[in-house]
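One structure is given here, and the rest of the page talks about it.
Numbering (the numbering used here), first residue to last: 699 to 1088.
Here it is, written out as C-alpha cells:
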C-alpha cells in the first residue's frame, strides 16, 4: 500500500470512528525504529520460562543462604530481595540493548526471586499489617514503572492492583474494588491516545508501555475479583467484625452500582468515538440496556464485568483481550451454574430470565437503531433524487 492509499484508508477509518482521530500523531511517535519489539507470544513464553526458572533459582539460593543469618530477619530478606531486583533491572537493560534472550530469561528469574524474598521478609516476620502491605505495594509499583519488560510489567501491575483490592477489603471498603477496576480498564483501553497526548513526545513510548500493562492487568484482575465476590456471597468472607466490634456486611447494591456507572462511562467513551450523541435514541437504548443488565446481575457481577471486557475489546479490535473475555464469560457461566449452593432449577430460572432480557434488549436495539438508520437513509436518498431532478 503506497502512502496516498494509506492516508485515504486512515482518513476513512477515522471518519467512521474505528480509530481515534489523533491516531496518526501518536502512532508516528510510538513507532520508533530504534526500539525493536519481540512478538508478544515469544515474550509470553519468556515470561513463563522466567517464572519456572525463578522457582528453581529461589530454591537453590535459599539452600546456599540457609547457613547464614540473612534469612532469619526481615531486614536481611528485604536486602537480598532488593539486591536481586537491582541485578534483574541491570540484566533487563542489557537484554533490551543487545536483544539477548539468555539475559532476558536470567533477568526475569532473578527479578521474580527478588520479589519473593521481599514478600517473605515483609509478610512472614515482624512487620505488621497493613504496613507490610503498603511497603510491598510501594516497592512493586516502583518496579512496575522501571523494569523494561512487557510480561514483567503485566504481572507486576496485576500484583499492584491485587494489593489495592486487598487494602480495600482490609479497610472494609470492598465495594469500591469493582468500580475502580472497571474505571481503570475503561480509561486505559479507551482513552489511550488522549492520555498519550498529555505526555512529552520523547516519553510516549514509555508511557504507552505502562498504559498497556495496566490496561490488560486491570481487565484480568477485574474478571478475577468479580468472580471472587460472587463466591464471597455464599462463603461469608465479607461478614466479619470491624475494629469497633460491629458486623460488616458486603453491600452488593453499592458495588454493582459503581460497576454499572463505570460501564456507562465506557459506553459514553465508545459513543463519543463513533460520534453518537448520548441524548439520541441509540444512546438512550444503550444506556437503558446497561442499566437493565446491571440490575439483573446484582448477584452475578461477573456477567456485567465480562460483558464490559468483551465490548471494550471489540471496540479496540484487541483480539487477545477479546479471547480472554469470551473464555472468562463461558468459564464463569459454567462455574456459577455448577456451584452446590442453591438448586440448579433456581439457577436455571435466573439465567433464563437474564438470557431472555438480553435477547429482548438486543432485538429492541437492532430494530430501533437499524430502523432509524434505514429511515434516515431513505430520506436522504429521496432528498438527493429531488435535488438531482431540480
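Think of the CB as a built atom: it goes at the ideal place given N, C-alpha and C, for glycine as much as any other residue.
The model shown is predicted, which means the values in this text are computed figures rather than measured ones.
Between which residues of its own chain and residue i is the CB-CB distance below 6 Å, once the five residues before and five after are set aside?
i, result
"residue 882", "916"
"residue 819", "772, 775, 776"
"residue 1094", "Lying before the first or after the last residue shown, residue 1094 is absent from the chain, which here runs from 699 to 1088."
"residue 792", "801"
"residue 1055", "994"
"residue 1008", "1023"
"residue 1001", "995"
"residue 1028", "none"
"residue 789", "801, 804, 805"
"residue 752", "807, 810, 811"
Counting only the same chain and skipping the five closest in sequence on each side, list residues whose C-beta sits under 7 Å from that of residue i.
i, result
"residue 746", "none"
"residue 943", "Because the pLDDT of residue 943 is 45, which lies under 50, any placement of that residue in the model is unreliable, and the question is left without a value."
"residue 726", "Per-residue confidence for residue 726 stands at a pLDDT of 47, beneath the threshold of 50, marking its modelled position as unreliable; the derived number appears in the next sentence. Excluding residues within five positions, none has a Cβ falling inside 7 Å."
"residue 966", "976"
"residue 909", "886, 890, 893"
"residue 996", "950, 951, 954"
"residue 759", "811"
Based on Cα-Cα distance, which residue from the options lies nearest to residue i?
i, options, result
"residue 749", "813, 989, 963", "813"
"residue 1046", "1032, 1057, 1058, 1059", "1032"
"residue 787", "1004, 751, 844, 910", "844"
"residue 846", "794, 1035, 828", "794"
"residue 1010", "999, 960, 902, 842", "960"
"residue 1064", "1028, 994, 1055, 980", "980"
"residue 868", "897, 779, 829", "829"
"residue 1017", "854, 978, 914, 956", "914"
"residue 969", "950, 956, 985, 957", "985"
"residue 809", "1008, 780, 1052", "780"
"residue 956", "912, 1003, 803", "1003"
"residue 1053", "796, 907, 1005", "1005"
"residue 840", "803, 784, 895", "784"
"residue 643", "1042, 958, 1014", "Nothing in the structure corresponds to residue 643, since the chain is present only between 699 and 1088."
"residue 782", "811, 752, 918", "811"
"residue 763", "1015, 752, 778, 753", "778"
"residue 905", "918, 757, 842", "842"
Under 8 Å by Cβ, that's how I've got residue i and residue j pegged, so tell me the actual separation to the nearest angstrom.
i, j, result
"residue 962", "residue 923", "Residue 962 to residue 923, Cβ: 19 Å. No contact."
"residue 983", "residue 1062", "6 Å"
"residue 805", "residue 755", "That belief does not hold up - the Cβ atoms of residue 805 and residue 755 are roughly 11 Å apart, past 8 Å."
"residue 1030", "residue 858", "Not confirmed; about 24 Å, so no contact."
"residue 920", "residue 880", "6 Å"
"residue 685", "residue 999", "In the structure as shown, the chain begins at 699 and stops at 1088. Residue 685 is therefore absent and cannot be evaluated."
"residue 855", "residue 911", "5 Å"
"residue 864", "residue 897", "Actually they do not touch by this definition, with Cβ atoms about 30 Å apart."
"residue 1049", "residue 1035", "7 Å"
Ordered along the chain, which non-local residues of its own chain (more than five positions away) have a Cβ less than 8 Å from that of residue i?
i, result
"residue 834", "816, 817, 820, 821, 861"
"residue 1072", "Residue placement at residue 1072 is flagged as unreliable, the pLDDT there being 49, under the threshold of 50; a coordinate-derived value is accordingly withheld."
"residue 761", "none"
"residue 1012", "1020"
"residue 992", "954, 955, 957, 958, 961, 1002"
"residue 1014", "887, 888"
"residue 827", "868"
**Request:** Please go through the region 783–825 and give each complete alpha helix (DSSP H) segment of 4 or more residues, from N-terminal end onward.
**Result:** Qualifying alpha helix (DSSP H) stretches, in chain order: 799–821.
**Prompt:** Do the region 963–980 and the region 1017–1027 make contact, defined as three or more Cβ pairs closer than 8 Å?
**Reply:** In short, these stretches do not touch, since the Cβ pair count stays below three.
**Request:** May I ask you to verify whether the region 835–848 touches the region 878–897, counting CB pairs closer than 8 Å and requiring at least 3?
**Result:** In short, these stretches do not touch, since the Cβ pair count stays below three.
**Message:** Quick check for students: name the residue ranges of the alpha helix (DSSP H) that lie wholly in the region 965–1031, counting only runs of 4 or more.
**Reply:** 979–994, 999–1014, all fully within the region 965–1031.
**Item:** Segments assigned alpha helix (DSSP H), at least 4 residues, entirely inside the region 841–873
**Value:** 848–868, all fully within the region 841–873.
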